Amino acid sequence: MWLYVLRRLGSLVVVTFLVSLFSFALIKFIPGDPVISMVGFFDVKRIGALRHQLGYDRNFWVQYFDWLKGFLHGDFGQIFHGPSGGSPAYDAIKHALPISLELMAFAMVITIIVAIPLGVLSAYRAGTWLDKVLSTSAFGLIAIPDFALGIILLQIVAVKYRWLPSSFTYFGANHVEHIKSMILPAIALAVGQISGYMRLLRSDMIQTLQEDFVAMARAKGMTDRRVLWRHALRPSSLTLLTVAGLNIGALVGGTVVVEVIFQIPGMGTEIFSAITQRQYQEIQSLVAVIAIGYVAVNIFIDLLYTVLDPRVRSARALA
Amino acid sequence: MTRYRAHVGRQLPKAVAAIVTFGLVAAACGGGSGTATSTNNGPATTQGASGQVDESSLTPVSGGSATMALEADTTGGWCLVEAQLAAAGIQVARAIYDTLMVPDDKGGYQGSLATSVTPNADFKTWTIKLRSGIKFHDGTALDATVVKNNLDAYRGAYTKKKANGDNLRNPLLFIFVFSNIKDVQAAGTDTVVVNMNKPWSTFPSHLYQYGRLGIMAQAQLDSPDHCFDKMIGTGPFMFNGDWTPNNHLTVVKNPNYWRKDKNGKQLPYLDKLTFKTVLETSSLIAGMRSGSLDLAVTDNTLAIKPFQDDAKSNKLKILATDKDTEINYTILNEKTEPFNNINARKAFAYAFNRDQYNVERQNGLLQKASGPFAPGVLGYLPASETKLPDYNLAMAKTYVKKYETETGQKLKFQYGAPNDSDSQKSALVVKGFMQAAGMDVSVRQADQSQYINDAISGNFQAQGWRNHPGFDPDDQYVWWHCDAPAPATQPSTFPAANACDNLVNFSKFNDAVINKNLDDGRTTTDPTARKTAYENINKEFAAQLWELWGYYALWSVPSSLQMHGIANLALPTATSVNAVGEKPFEGLSSGVDPAGLWKSK
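Chains as they are written, first to last, in our numbering: chain A, 129 to 447; chain B, 432 to 1032.
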């Protein structure tokens, strides 16, 4: 077991290295010159001096490993402000990350609360009109991009009926308004996920309901509710768990647009502006943090399998 | 909480993005003399100010807070001498800082931190008298020394160094703008004397600089690492450290602000003002309609249209104007082919269907420009007088043929546009116009900073642009004037040897008529002579087509029905800090005076 954990942590290091290297290379292809953006265009001497000072005139690998070394020591690089100076990218990430995590958590909670009951219900009523309505609705909702849904929700819920605010409020400024300000963006992020999870759970659940142990449970006189929630749901949720891990990437992608639409100062907004402003070091660190988070969540889910499914536990014990 | 980032400049998320606002553009503003000069120019406007509400019967209420949307994140902070402030950044600066002079509604300039700015007989020495009793937000006094230091820093003559020996302050365009200043002297505590190399009759107007020339406290000016984010001014609001880039910046009431309203009531009215960055058009519209935003400053035609519709149904108010505004246009590189040839320039001018472009890309909201000066600006002339060529496909084809015959080459060029999708769409429309006339055009994409760099380095043939805001036309001296000898008469092909030696004359034209009239315009205060000079420049541009003028930018301030005091607070006078002086400048391209904003219950 521990060997497995160590192996997975090893993969975390490799993945983070590869992702950060790839993104570093990609960033170098973004057109434009960050130094010119900082100091203007008139003083060629100063442009050259600053480029040298920032190390942008050095070899690609030297620049990359310099950043990596700093990152591993907790130095996430600088956000540059032109002739006036810079500030640590760490501060920006420290500020943005909790907001995005909160938004994603909200979205996940909504997803689970809605998708699981609907998925179970759909499987239980497979082939009925209810199942068809739920399945068709799920297909329809998957087809709506989260940013489009965000704008639609904004127009209807925030503008027309004014039930919820159209922009972000900090928790410290007003707790209630803060929660309210997170609802629409969380729904915008969650709806696509709900549909996917529901469809997935439905198909797994239908298979599970045909298993012998379910027939046995029913034969013992257990109620349908107990069979569904106590016996069928757990084995049916393993795929769901895998997809949840993989979907973290989609969720992060969704937050970029949704955060911009709802003016939420999270990682999405941070990435968006860092790219447009060519803040090389910040982009690097943002990507690395997200990559680490992504891999870590998936490792955690891997480990969770062993808890949820005894077959996986015994297979890993034998490995 | 304060966080920061550098910014390339203003983000342009819409069609107008093809026409870049250079963060530094428009830093050169000219105008009358130290005391108010009135130059009401030509027909007021083609579109003019609309939506200004008569609030004379209302009694302003003090207190409360408001949220103002700005359509772009600000640049790398507000170390004003080196900041690259676009419209959004200027709006914030106007809350925190005051300038020495401010423009009025008649084309003149009134004292703000200064009570008077007076010249000697030959306009080579100017004496600035400061208003007494004004304090910065940190409690230090506004005096001649800090003003001198600010002016020196703006012009690149501030001698203080960082610990590593580098210059403490590194200004950008202001070095060009103030290159005529020989030295600045503090004479006593309330008098600053500015000596010029050459006569400069319009110097007072340059003490406003489109709202960018605020006076910073010594502590901010001398901060090696935090000049950009520890803003200390004398303005109506104080920065309290709450700045989250890409999201918001909050300022709170300066309880000791020196200005008062006409009844002697302390300004500003609001206790708190939050500037909210709203990048998305849909978010801006939703924010205004849902009430989470109280007002906005925008030139986004995609948003202005629905706001105008809302105003018609009395859901909100909108003040909109293209008076004293910037020009959207195409810059052409006259140093190289094909636009060193006037036939190519004429072909472009006749091929560009401005009416169709306006409908397709600007919601039909913009008015066609007749020259570089917007209505209200000295030198403005209607198209009937400038004779600026307009769309005529047959003429365009004729000039394409002429060019090809004369040069033996196909009329072929690259049209540059920023690489956002809206700008690219706009560029494709332009490309279609040119192709219809027989030109061979390709669209060249560039990142915004590269785009500007291309203009400065001359690495372009034609590209969309925006510049030359209202105020005084001496504003434009820094952009158009050349010291290198110009051809006595312009040949059909502009000789590269005569290219302009001015780094920020991007097109590199060098026109004797323009040079002379620019000099004339800044060495006299005679209104008639100045009017003639700038009208001559206007006509010369239309004749030579150095730049191809497109549209007057339309600026607007949509606001909730509860917001008041938008752009109607009168200016102070030399003897009174009360708002009993001239009416404020009508243009909105540098935002509104936040001191006068108030919110009804």
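Idealized CB from N, CA, C, for every residue including glycine. Predicted, not measured: the structure shown is a model, and the values here were computed from it.
Cβ shell of Ala742(B) (< 8 Å), same chain only, five flanking positions each side left out = Excluding positions up to five away in sequence, the list reads Gly482, Lys748, Ile749, Pro989.
Requested in this report: Spatial neighbours of Glu791(B) within its chain, please: CB distance less than 6 Å, with the 5 preceding and 5 following residues excluded, ordered by chain position.
Outcome: Val860.
query: Taking C-alpha atoms, which residue in Tyr325(A), Met232(A), Ser295(A) lies nearest to Phe267(A)?
result: Selected option, being the one with the closest Cα: Tyr325(A).
Practice item. For Val387(B), count neighbouring Cβ atoms within 10 angstroms of its own Cβ and tell me buried if that reaches 16, exposed if not. Key: No statement about residue 387(B) is possible, as the shown extent of chain B runs from 432 to 1032 and does not include it.
Are there 16 or more other CB atoms within 10 angstroms of the CB of Lys591(B), so buried, or fewer, so exposed? A residue is called buried when at least 16 other Cβ atoms come within 10 angstroms of its Cβ; Lys591(B) does not meet this threshold and is exposed.
Do you know how far the Cα of Ile945(B) is from the Cα of Ala827(B)?
-> In a straight line, the C-alpha of Ala827(B) is about 26 Å away from that of Ile945(B).
Query - Sequence-distant residues of its chain with Cβ nearer than 8 Å to Thr1006(B) (five each side left out) - result: Hits under 8 Å: Thr546.
Review point. Between the region 350 to 359 of chain A and the region 666 to 686 of chain B, are three or more C-beta pairs nearer than 8 Å?
Key: Counting Cβ pairs under 8 Å, fewer than three are found: no touch.
**Report entry** Test item: CB-CB of Gly377(A) and Tyr422(A) under 8 Å
**Finding:** Result yes, Cβ atoms of Gly377(A) and Tyr422(A) sit closer than 8 Å.
### Beta carbon of Tyr252(A) nearer than 8 Å to that of Leu356(A)
Between Tyr252(A) and Leu356(A), the gap from beta carbon to beta carbon is short of 8 Å.
*Cα-Cα separation between Gly495(B) and Glu513(B), rounded to whole angstroms*: So the two alpha carbons sit approximately 33 Å from each other.
State the beta-bridge partners of Leu726(B) as determined by DSSP. Bridge partners of Leu726(B): Met499(B), Ser990(B).
### Task
Could you check how far apart the C-beta atoms of Asn685(B) and Gly672(B) are, in whole angstroms? I think they sit under 8 Å.
Cβ atoms of Asn685(B) and Gly672(B) stay farther apart than 8 Å, at about 15 Å.
Residues in the region 700 to 711 of chain B having any Cβ partner in chain A nearer than 8 Å: Here the close residues are Lys707, Thr708, Val709, Leu710, Glu711.
Test: Asp1042(B) CB closer than 8 Å to a CB of chain A | Since the first and last residues shown for chain B are 432 and 1032, residue 1042(B) lies out of range.
Leu146(A) classed as buried or exposed, judged by whether at least 16 other C-beta atoms fall within 10 angstroms: It counts as exposed.
- prompt: Checking contacts by CB at 8 Å: is His306(A) closer than that to chain B?
  reply: Judged by the 8 Å Cβ criterion, His306(A) is not in contact with chain B.
According to DSSP, is Tyr540(B) helix, strand or coil? Three-state result, Tyr540(B): strand.
Q: Give a yes or no on whether 8 Å exceeds the smallest Cβ distance from Thr397(A) to chain B.
A: Taking CB atoms only, Thr397(A) has a neighbour in chain B less than 8 Å away.
Q: Using alpha carbons as the reference points, say which of Phe770(B), Thr732(B), Asn771(B), Leu824(B) lies closest to Gln793(B).
A: Out of Phe770(B), Thr732(B), Asn771(B), Leu824(B), the CA that lies nearest to the CA of Gln793(B) is found in Thr732(B).
Alpha-carbon to alpha-carbon, Thr633(B) and Ala998(B) = Cα-Cα distance, rounded: 25 Å.
For Gly278(A), the first and last residue of its enclosing alpha helix (DSSP H) = 274 to 281 is the extent of the alpha helix (DSSP H) around Gly278(A).
* To do: Could you round the C-beta distance between Lys939(B) and Glu765(B) to whole angstroms and report it? I think they count as a contact, below 8 Å.
  => The beta-carbon separation of Lys939(B) and Glu765(B), rounded to 5 Å, stays under the 8 Å limit for a contact.
task: Could you list which residues in chain A have their beta carbon closer than 8 Å to that of Phe937(B), in chain order?
output: Against chain A, a Cβ distance below 8 Å from Phe937(B) picks out nothing, because the smallest value is about 11 Å.
Q: Give a yes or no on whether the minimum CB-CB distance between Ser723(B) and chain A is below 8 Å.
A: At a cut-off of 8 Å between beta-carbon atoms, Ser723(B) makes contact with chain A.
- Query: Counting contacts by CB-CB distance shorter than 8 Å, is Ala286(A) in contact with chain B?
  - Reply: Judged by the 8 Å Cβ criterion, Ala286(A) is in contact with chain B.
So, are the CB atoms of Thr383(A) and Met395(A) less than 8 Å apart?
-> In contact: Thr383(A) and Met395(A) (Cβ atoms closer than 8 Å).
Could you say if the region 971 to 982 of chain B and the region 804 to 819 of chain B meet the contact criterion of at least three C-beta pairs nearer than 8 Å? Touching, yes, given that three or more Cβ pairs across the two stretches are closer than 8 Å.
Can you tell me whether DSSP reads Gln840(B) as helix, strand or coil? Correct three-state label for Gln840(B): coil.
Using beta carbons (cut-off 8 Å, strictly below), is Ala1026(B) in contact with chain A? By this cut-off, Ala1026(B) is not an interface position.
| request: Taking only the alpha-carbon atoms, compute the straight-line gap between Ser581(B) and Gln907(B) and give it to the nearest angstrom. | output: Looking at the sequence shown, residue 581(B) is not Ser but Asn. Each residue's Cα considered, the two are about 23 Å apart.
The alpha helix (DSSP H) with Pro926(B) in it runs from where to where? That residue, Pro926(B), is in no alpha helix (DSSP H); it is neither H nor E in DSSP.
**Asked** When Cβ atoms are compared, which residues of the region 488 to 507 of chain B fall closer than 7 Å to chain A?
**Response** Cβ proximity to chain A below 7 Å picks out Asp504, Gly507 from the region 488 to 507 of chain B.
Practice task
Quick one: which residues of the region 674 to 698 of chain B get their C-beta closer than 9 Å to a C-beta of chain A? List them in chain order.
Solution key: Within the region 674 to 698 of chain B, Thr675, Pro676, Asn677, Asn678, His679 place their CB atoms closer than 9 Å to a CB of chain A, listed in sequence order.
Margin query: Can you give me the C-alpha to C-alpha distance between Trp689(B) and Ile565(B), rounded to a whole angstrom?
Written below: Counting only the Cα atoms, Ile565(B) lies some 6 Å from Trp689(B).
*asked:* At the 8 Å Cβ level, is Phe770(B) part of the contact set with chain A, yes or no?
replied: Not one chain A Cβ lies under 8 Å of Phe770(B).
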